[in-house]
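Trainee: In this note's numbering, the protein residues as written are 74 to 312. Even for Gly, the Cβ is constructed at its ideal location relative to N, Cα and C. Handing you a structure now.
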Ligand code: C5P
């Protein structure tokens, strides 16, 4: 059923899934085509992790991490190249993708009180004309009442291959079999953790991108958004 413009609450489309499924690229492109805001919740956890590393907070000091999370001055706003991630006045986007930050982010993300402290910050991005939110628990925990939920999957072989090609393009030397093993381990940790595990919401549309191109996935998700949101999404969006 398509929603009408009379709905006063800003509409939300959530895109969850395991790492390497293409959530980031799909979410950014869909948000652009719908003219909606975008929330990259992985960048939220990565920013908290970066702040913790910079301040020398240990990964097992839960109290200090929760305190830091409550006080973190994190914003997404116009940066040097589109929407930038800022800690205070400092644009930190370029520092968020290191291995050190990735590891710290997943440790920080496993602390229930840290996740709770970030709920309000994430929900504040639900503003008109709408929000595309990507992560692991957008449809299950952060926006359980989202009008459209997508769970984006791809086989672990395909996700490892995509990550391998990305890293190779950046000139990094990587071993495919190791990436594959690491990804399997990370999947298991994310799926089986007790707090906000990476599982599809009961009412999510599961999209398997293993045999689809990025453009095909974007087109499919935009199609789902049109069906669900009707005239809340522009008809002549930029392709
Ligand atoms: O998606 P991305 O790889 O940037 O996420 C970084 C880390 O943050 C992941 O390892 C994941 O465990 C965590 N995360 C999370 N919940 C989210 C988004 C990310 O636990 N909604």
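Taking only heavy atoms of ligand 1 into account, decide whether any of them is closer than 6 Å to the Cβ of residue 81.
Mentor: no
Trainee: Contact between the region 91-107 and the region 277-293 is defined here as three or more beta-carbon pairs at a separation below 8 Å; is this criterion met?
Mentor: yes
Trainee: Whole angstroms is fine: what's the gap from residue 213's alpha carbon to residue 149's?
Mentor: Here the C-alpha atom of residue 213 lies approximately 23 Å from the C-alpha atom of residue 149.
Trainee: Which whole-angstrom value describes the C-beta separation of residue 266 and residue 183, a residue pair presumed to lie in contact below a C-beta threshold of 8 Å?
Mentor: 6 Å
Trainee: Indicate, with yes or no, if ligand 1 has a heavy atom lying under 6 Å from the CB of residue 210.
Mentor: yes
Trainee: Along the chain, where does the beta strand (DSSP E) that runs through residue 112 open and close?
Mentor: 110-113
Trainee: May I ask you to report which of helix, strand or coil DSSP gives residue 258?
Mentor: helix
Trainee: Comparing C-alpha positions only, which one of 282, 305, 257 and 303 sits nearest to residue 98?
Mentor: 282
Trainee: According to the neighbour-count rule (16 or more other Cβ atoms, all chains shown, within 10 Å of its Cβ), is residue 110 buried or exposed?
Mentor: buried
Trainee: With three or more C-beta pairs closer than 8 Å as the rule, is the region 78-92 touching the region 197-205?
Mentor: Enough Cβ pairs lie closer than 8 Å, so yes.
Trainee: Return yes when at least one heavy atom of ligand 1 lies under 6 Å from the C-beta of residue 115, else no.
Mentor: yes
Trainee: Less than 7 Å between the C-beta atoms of residue 124 and residue 160, yes or no?
Mentor: For the 7 Å CB-CB criterion, residue 124 and residue 160 form a contact.
Trainee: Quick check: is any heavy atom of ligand 1 less than 6 Å from the C-beta of residue 237?
Mentor: The answer is no for residue 237.
Trainee: Count Cβ pairs between the region 130-137 and the region 252-267 that sit closer than 8 Å; are there 3 or more?
Mentor: no
Trainee: Whose C-beta lies closer than 6 Å to the C-beta of residue 48 among residues of the same chain, with five residues either side of it excluded?
Mentor: As shown, the chain starts at 74 and ends at 312. That puts residue 48 outside it, with no answer to give.
Trainee: Check residue 222 in the structure and name its three-state DSSP category.
Mentor: strand
Trainee: Is it true that the region 222-238 meets the region 140-158, where meeting means three or more beta-carbon pairs spaced less than 8 Å apart?
Mentor: no
Trainee: What do you get for residue 106, buried or exposed, if any count of 16 or more other CB atoms within 10 angstroms of its CB means buried?
Mentor: Counting the other Cβ atoms within 10 Å of the Cβ of residue 106 gives 16 or more, which makes it buried.
Trainee: Within 10 angstroms of its Cβ, does residue 221 collect 16 or more other Cβ (buried), or is it exposed?
Mentor: buried
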